[in-house]
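Asks: Residue numbering for the sequence shown follows full-length UniProt numbering, beginning at 1 and increasing consecutively. Quick one: the structure is below, and I'll ask about it shortly.
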Amino acid sequence: MAKIGIFYASAGGNTRQIAEALKEAFALEDEACVFMEDDFDSVEQFENFDVLFLGSSTWGQGDVHFSWVDALLEIGSENLSFEGKTMAFFGAGDSQKHGEHFCSALGKFYDIFSKRGAKIIGFSDASDYSYEASLALIDNKFCGLAIDHINEPEKTALRIENWIAQLQSECM
Numbered sequence: 001m002a003k004i005g006i007f008y009a010s011a012g013g014n015t016r017q018i019a020e021a022l023k024e025a026f027a028l029e030d031e032a033c034v035f036m037e038d039d040f041d042s043v044e045q046f047e048n049f050d051v052l053f054l055g056s057s058t059w060g061q062g063d064v065h066f067s068w069v070d071a072l073l074e075i076g077s078e079n080l081s082f083e084g085k086t087m088a089f090f091g092a093g094d095s096q097k098h099g100e101h102f103c104s105a106l107g108k109f110y111d112i113f114s115k116r117g118a119k120i121i122g123f124s125d126a127s128d129y130s131y132e133a134s135l136a137l138i139d140n141k142f143c144g145l146a147i148d149h150i151n152e153p154e155k156t157a158l159r160i161e162n163w164i165a166q167l168q169s170e171c172m
């Protein structure tokens, strides 16, 4: 069985909600769930897992949460390989206030990790969302799970549930 790890950053708790649902659905131990602000030490932690679920809220001009910045810079500067790793991305955004960058952090993950050989899974239908633009849009799908719990809280639970079912199928 593939060893799964969750690495995430969350400011308002929406991305944490997805991480906790993933942890429960995949029956993961606490040490497999890394909160970037408190538990992340080094990109070497990624080596412990075959499958990585990476989460971040989107900030400002489509940026990842600040606690991801150093890790992503290190990955880029050392040109690390993620060959043989399977990854899925998740995060939260605000499609009304920041509709021009809705969940673009997922697109930044996609760009970095796909260029370094990771197999990306968990693409989701973007047609049920209202937003202006997103770097997370790849071939008319989000390159992961995007939620907008601020403007569409009634859709969050079902989106998470459906995405987890999809991941369980894609990880087998």
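Even for Gly, the Cβ is constructed at its ideal location relative to N, Cα and C. None of the values given here were measured: they were computed from a predicted structure.
Might you give, ordered along the chain, the residues of its own chain that have their beta carbon closer than 8 Å to the beta carbon of Ala-157, omitting 5 neighbours on each side?
Replies: Counting only Cβ-Cβ distances below 8 Å, and skipping sequence neighbours, we find nothing.
Asks: Just mark Ala-133 as buried or exposed, buried being the case when its beta carbon has 16 or more other beta carbons within 10 Å.
Replies: It counts as exposed.
Asks: If you run the structure through DSSP and keep just helix, strand and coil, what is Ile-160?
Replies: In this structure, Ile-160 counts as helix in the three-state DSSP scheme.
Asks: Let me check understanding here. Comparing Cα to Cα, which of Lys-97, Gly-91, Gln-96 lies closest to Cys-103?
Replies: Measuring from the Cα of Cys-103, the nearest candidate turns out to be Gly-91.
Asks: Identify whether Tyr-8 lies in helix, strand or coil by the three-state DSSP scheme.
Replies: Strand.
Asks: What are the boundary residues of the beta strand (DSSP E) that includes Ala-136?
Replies: Counting along the chain, Ala-136 falls outside any beta strand (DSSP E), and DSSP gives it neither H nor E.
Asks: Tell me which residue opens and which closes the alpha helix (DSSP H) that Ser-104 is part of.
Replies: Residues 104-114.
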